[in-house]
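Q:
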Amino acid sequence: MTADVTSEPAPPTPERNVTGVSITLDSVVKRYRGQDEPAVERLDLEIEPGHIVAFVGPSGCGKTTTLKMINRLIEPTEGRIFIGGRDVTREDPDKLRQSIGYVIQSGGLFPHWTVAKNVGAIPRVLGWDRKRIAERTEYLLDLVGLDPGTFADRLPKDMSGGQQQRVGVARALAADPPILLMDEPFGAVDPITRVRLQDSLIAIQHELGKTIVIVTHDFEEATKLGDKVLILSEGGRIEQYARPEEILTDPATPFVEEFIGSGAKLAYLTVQRVRDVAYDTVITARIGESSQAVIERAKAAGQTWVVVVDAAGRPRSWPSLTELATKPEVSDYLDRRLPVVARSSTLNDALDAMLAASQGAALVTDGRGAVVGSLGIDSVTETIRTKLADVRSDQEDTSYETYVDGTDPAPTPVVAADDELGSAGQS
Amino acid sequence: MSRLRRVPIDVWFEPIIILVVGIGYFAWYGSTTLTSTERASLGWANLQNTILQHIKLTVVATLIVVVIAIPLGIALTRPALKRLEPIVVNIANIGQAAPAVGLLVLFTFWLGTGFRTAITGLVVYAILPILQNTIVGLRQVDQRTIEASRGIGFSAGRTLFQVELPLAVPVILNGVRTALVILVGTATLSTFIGATSLGTLITTGVTLFLPKLLISGAILVGLLALIIDWLGRLVELAATPRGVS
Numbered sequence: 079m080t081a082d083v084t085s086e087p088a089p090p091t092p093e094r095n096v097t098g099v100s101i102t103l104d105s106v107v108k109r110y111r112g113q114d115e116p117a118v119e120r121l122d123l124e125i126e127p128g129h130i131v132a133f134v135g136p137s138g139c140g141k142t143t144t145l146k147m148i149n150r151l152i153e154p155t156e157g158r159i160f161i162g163g164r165d166v167t168r169e170d171p172d173k174l175r176q177s178i179g180y181v182i183q184s185g186g187l188f189p190h191w192t193v194a195k196n197v198g199a200i201p202r203v204l205g206w207d208r209k210r211i212a213e214r215t216e217y218l219l220d221l222v223g224l225d226p227g228t229f230a231d232r233l234p235k236d237m238s239g240g241q242q243q244r245v246g247v248a249r250a251l252a253a254d255p256p257i258l259l260m261d262e263p264f265g266a267v268d269p270i271t272r273v274r275l276q277d278s279l280i281a282i283q284h285e286l287g288k289t290i291v292i293v294t295h296d297f298e299e300a301t302k303l304g305d306k307v308l309i310l311s312e313g314g315r316i317e318q319y320a321r322p323e324e325i326l327t328d329p330a331t332p333f334v335e336e337f338i339g340s341g342a343k344l345a346y347l348t349v350q351r352v353r354d355v356a357y358d359t360v361i362t363a364r365i366g367e368s369s370q371a372v373i374e375r376a377k378a379a380g381q382t383w384v385v386v387v388d389a390a391g392r393p394r395s396w397p398s399l400t401e402l403a404t405k406p407e408v409s410d411y412l413d414r415r416l417p418v419v420a421r422s423s424t425l426n427d428a429l430d431a432m433l434a435a436s437q438g439a440a441l442v443t444d445g446r447g448a449v450v451g452s453l454g455i456d457s458v459t460e461t462i463r464t465k466l467a468d469v470r471s472d473q474e475d476t477s478y479e480t481y482v483d484g485t486d487p488a489p490t491p492v493v494a495a496d497d498e499l500g501s502a503g504q505s
Numbered sequence: 006m007s008r009l010r011r012v013p014i015d016v017w018f019e020p021i022i023i024l025v026v027g028i029g030y031f032a033w034y035g036s037t038t039l040t041s042t043e044r045a046s047l048g049w050a051n052l053q054n055t056i057l058q059h060i061k062l063t064v065v066a067t068l069i070v071v072v073i074a075i076p077l078g079i080a081l082t083r084p085a086l087k088r089l090e091p092i093v094v095n096i097a098n099i100g101q102a103a104p105a106v107g108l109l110v111l112f113t114f115w116l117g118t119g120f121r122t123a124i125t126g127l128v129v130y131a132i133l134p135i136l137q138n139t140i141v142g143l144r145q146v147d148q149r150t151i152e153a154s155r156g157i158g159f160s161a162g163r164t165l166f167q168v169e170l171p172l173a174v175p176v177i178l179n180g181v182r183t184a185l186v187i188l189v190g191t192a193t194l195s196t197f198i199g200a201t202s203l204g205t206l207i208t209t210g211v212t213l214f215l216p217k218l219l220i221s222g223a224i225l226v227g228l229l230a231l232i233i234d235w236l237g238r239l240v241e242l243a244a245t246p247r248g249v250s
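Residue numbers (this note's numbering), protein chains in the order written: chain B, 79 to 505; chain U, 6 to 250.
(1) Since U:F120 and U:A184 should fall inside the 8 Å C-beta cutoff, what is the C-beta to C-beta distance between them, to a whole number of angstroms?
(2) Grab me the residues of B:S369's own chain with a C-beta within less than 7 Å of its C-beta, minus the 5 sequence neighbours each way, in chain order.
(3) Measure the C-alpha to C-alpha separation of B:G179 and U:L116 and round it to an integer number of angstroms.
(4) What's the C-alpha gap between B:L218 and B:A212?
(5) Kindly examine the ligand ZN and report whether one of its heavy atoms sits closer than 8 Å to the Cβ of B:I130.
(6) Examine chain U for any beta-carbon lying closer than 9 Å to the beta-carbon of B:G98, and answer yes or no.
(7) Give every residue of the same chain whose Cβ lies closer than 6 Å to the Cβ of B:T91, excluding the five residues on either side of it in the sequence, and list them in chain order.
(8) Indicate whether at least one CB of chain U lies closer than 9 Å to the CB of B:G265.
(9) For B:W383, which of helix, strand or coil comes out of DSSP?
(10) Could you tell me the alpha carbon to alpha carbon distance between U:P13 and U:N138, rounded to whole angstroms?
(11) Let me know the secondary structure DSSP gives B:A371 once reduced to three states.
(12) Let's see if you can read the secondary structure: which residues bound the alpha helix (DSSP H) around U:Y130?
(13) Please list the terminal residues of the continuous beta strand (DSSP E) segment that includes U:F197.
(14) Along the chain, where does the alpha helix (DSSP H) that runs through B:A390 open and close?
(15) Is the CB-CB distance between U:I207 and U:T191 below 9 Å?
(16) Please confirm if the stretch 267-282 of chain B is in contact with the stretch 192-212 of chain B, defined as three or more CB-CB distances below 8 Å between the two stretches.
(17) Measure the beta-carbon distance from U:L218 to U:G27 and round it to whole angstroms, keeping in mind my assumption that it falls under 8 Å.
(18) Would you mind reading off the limits of the beta strand (DSSP E) that contains B:M260?
(19) Does any C-beta atom of chain B lie closer than 9 Å to the C-beta of U:V64?
(20) So the alpha helix (DSSP H) B:A440 belongs to, where does it begin and stop?
(21) Roughly how many angstroms separate the alpha carbons of U:V71 and U:V65, rounded to a whole number?
(22) State the Cα-Cα distance for the pair U:T164 and U:A85, rounded to the nearest angstrom.
(23) With 9 Å as the threshold, decide whether the Cβ of B:A117 is near any Cβ in chain U.
(24) Within 10 angstroms of its Cβ, does U:L57 collect 16 or more other Cβ (buried), or is it exposed?
(25) Could you tell me the boundaries of the alpha helix (DSSP H) in which U:S36 lies?
(26) Starting from the C-beta of U:L39, find all residues in its chain whose C-beta is less than 8 Å away, skip the five residues before and the five after it, and write them out in chain order.
(27) Where does B:Q183 fall in DSSP's three states?
(28) What residues of chain U sit near B:K302, judged by a beta carbon separation below 9 Å?
(29) Starting from B:K108, trace the beta strand (DSSP E) in both directions and tell me its first and last residue.
(30) Give me the chain B residues within the contact set of U:R149, using Cβ-Cβ distance strictly less than 8 Å, ordered along the chain.
(31) Sort out for me which residues DSSP pairs U:I73 with in a bridge.
(32) Evaluate contact between the stretch 120-130 of chain U and the stretch 138-148 of chain U, counting only Cβ atoms and requiring at least three cross-stretch pairs below 8 Å.
(33) Give the C-beta separation of B:I204 and B:G157 to the nearest angstrom, bearing in mind that I take them to be a contact with Cβ-Cβ under 8 Å.
(34) If you check the beta carbons only, do B:T419 and B:V247 fall under 9 Å apart?
(35) So, for B:D358: in the same chain, excluding its five sequence neighbours on each side, which residues have a beta-carbon less than 6 Å away from its beta-carbon?
(36) Spell out the partners DSSP gives B:K306 in its beta bridges.
Listed below in structure tokens is the structure:
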């Protein structure tokens, strides 16, 4: 593979603020009593500050064990772990964990506490005063995209899985830890919600610059979220630890090749971000504005539809000009099937969102959910077409024209339905 | 407010029964004339004393059981002592499986007669429901919630008191209520070993063939059991954290 196939994502801006610290695993071993094979055998790993690293691999590969050894929910049998250059293997585990954010599937919220009390759990242990905790809670709920006024007093059971997951992230960030550990955080939510949560996490990471380690079994999720992806095989053996593009274009071992699957050629759709392709600008309208004024504005810009946004600029609906004209003022109607993707979403997510809503376009939002434009399905297919052309021109394989007859002894590959008999008779 | 609207049937149905039976009994009590033998037991001063003694037996025994069984149940769910759980539960099981009268009488050989012996027998008899419910209650707490609690930096103790116990409260209190009701009934038997209780009315009623005593004893024990069960239910409702159904 040559370099042009590697779709370079927008390089991380150099002035990006980093509050995270490095994590170093030094020959870490985990052996369970009564088991011959160690769960993790001699793992060395260096995680740079402010990076998201995704641990991925088949079940039983030791990815969760490795994650839990970082905050010592599981004690390593041998080896040392450094966080920000500090050996934490001998520290008080409770104190250590108070300085590391931890998120599990469905958030792991305390069901008997309100959202606000859940988020304030660790600040209370650390002895913050009430006012500071309240302010922090409000800031965090807003950060994860939940309205503090609506959600602060709710109980976990009165929220959707995605909302609970957001509260879980807010709780983990409560004491402003430099590191966030996430154990299959988005495993229990539906695909659309998962994409939103992933985008939200990327936005949060961009704003805060924490070091994030995330365990997932979904390779696509790993490539989307991870600045680097760690692929593990049984016994915590590192198969490859590299940037997603590098893994996709240059798998280090046959194991990796098999793991990422044969779709890898098209997999840059999961690496390519919405912000990397050209999207169109949109005309926005505030709730309560005069419809006539909005229609004129849209016509002047040559648009046939507008996006109605709330005070925070988040989209509520996208009426056509005809629809708009049916009411004197812009309505606060909320279109629940609105396809929305973030700038950090992958093109794959964007396609999913459009297909799920049966729409030919999706709205594009920034890190806080405010609308910045719209992405048409044409732009996506255009990108795919260009990329495919690239891939083809790039292949060094012989073609029908250049092939020297009789030089390839390989048999014809069989692609057949295994639940049907052949119609051309048995051989 | 919505909580008041959805008051479960047992919360309002039970007091109705209690009121009907109670008013009926005391109407009869006020109108009937007692012979002098009957008055010795059923006279208001004596009756009051008997009822209070019975309540005292029940409450003291329950408190002791709670103080023993809940910490024991907590200890048996900690990783270090988990192995002992089947043994201890089995011993408690034997305590309950043995007939209560037999248990009480056996204890008199060891401790003599009276209030203390009665309490000891009752405690042994009622440990199982609370112990068992404490263990079950703690065990049904979602492991992931506990893991999250430890993961964000709660110590084992904090996890126990702020997460595990509040979530186990409904089940534990259910055990306490069961124990209370068992004890109200079983306390009548302690009359055989010289501790005053409503059982005294019944046994006297049987031996001297005084139906008024016999029936009074039976009705009052029943009423007491219902009242305690109802109060226990109220406590359970009030102590169950919001968010735990």
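Each residue gets a CB set at the ideal place from its N, CA and C atoms; glycine is no exception. Being a predicted model, the structure only gives us computed values, none of them experimental.
A: The answer reads as follows:
(1) With a beta-carbon spacing of about 19 Å, U:F120 and U:A184 fall beyond the 8 Å limit used to define contacts.
(2) Around B:S369, the same chain offers L402, A403, K405, P406, E407, V408 as residues with beta carbons nearer than 7 Å, after the five sequence neighbours per side are excluded.
(3) Approximately 58 Å between the Cα atoms of the pair.
(4) Roughly 10 Å between the two C-alpha positions.
(5) Of ligands this structure carries none, so the ligand ZN is not represented either.
(6) No Cβ of chain U is located within less than 9 Å of the beta carbon of B:G98.
(7) Because the pLDDT at B:T91 is just 47, under 50, the model does not fix this residue reliably, and the value given afterwards should be weighed accordingly. Counting only Cβ-Cβ distances below 6 Å, and skipping sequence neighbours, we find nothing.
(8) Output row for B:G265: interface = no.
(9) Three-state result, B:W383: strand.
(10) So the alpha carbons of these two residues sit roughly 22 Å apart.
(11) DSSP places B:A371 in helix when its eight states are reduced to three.
(12) Element bounds for U:Y130: 120-144.
(13) Where U:F197 is concerned, there is no enclosing beta strand (DSSP E), because DSSP gives it neither an H nor an E.
(14) Careful: B:A390 lies outside any alpha helix (DSSP H) and carries neither H nor E.
(15) No; because the gap between Cβ atoms is not below 9 Å, this pair is not in contact.
(16) No: fewer than three Cβ pairs fall under 8 Å.
(17) U:L218 to U:G27, Cβ: 18 Å. No contact.
(18) Note, B:M260: beta strand (DSSP E), 257-261.
(19) No, no contact with chain B.
(20) Element bounds for B:A440: not the alpha helix (DSSP H) but the beta strand (DSSP E), 439-443.
(21) Roughly 10 Å separates the two Cα atoms.
(22) So the alpha carbons of these two residues sit roughly 16 Å apart.
(23) Taking CB atoms only, B:A117 has no neighbour in chain U less than 9 Å away.
(24) With fewer than 16 other CB atoms across the displayed protein chains lying within 10 angstroms of its CB, U:L57 is exposed.
(25) Secondary structure note for U:S36: its alpha helix (DSSP H) is the uninterrupted segment 14-36.
(26) Counting only Cβ-Cβ distances below 8 Å, and skipping sequence neighbours, we find L47, G48, K217.
(27) Assignment of B:Q183 by DSSP, reduced to helix, strand and coil, places it in the helix class.
(28) Close to B:K302, with beta-carbon spacing below 9 Å, lies no residue of chain U; the smallest spacing is near 24 Å.
(29) Run containing B:K108: 101-108, per the beta strand (DSSP E) assignment.
(30) Result: I182, Q183, S184, G186.
(31) Partner residues in a beta bridge of U:I73, as assigned by DSSP, do not exist.
(32) Touching, no.
(33) In the sequence under discussion, the amino acid at residue 204 of chain B is Leu, which differs from the Ile named in the question. About 29 Å separates the two Cβ atoms, so there is no contact after all.
(34) For clarity, residue 419 of chain B is Val in the given sequence; the question names Thr instead. In this structure, B:V419 keeps its C-beta atom at 9 Å or more from the C-beta atom of B:V247.
(35) Excluding sequence positions up to five before and after B:D358, its CB lies within less than 6 Å of the CB of G451, S452, all in the same chain and listed in chain order.
(36) Partner(s): B:V131.
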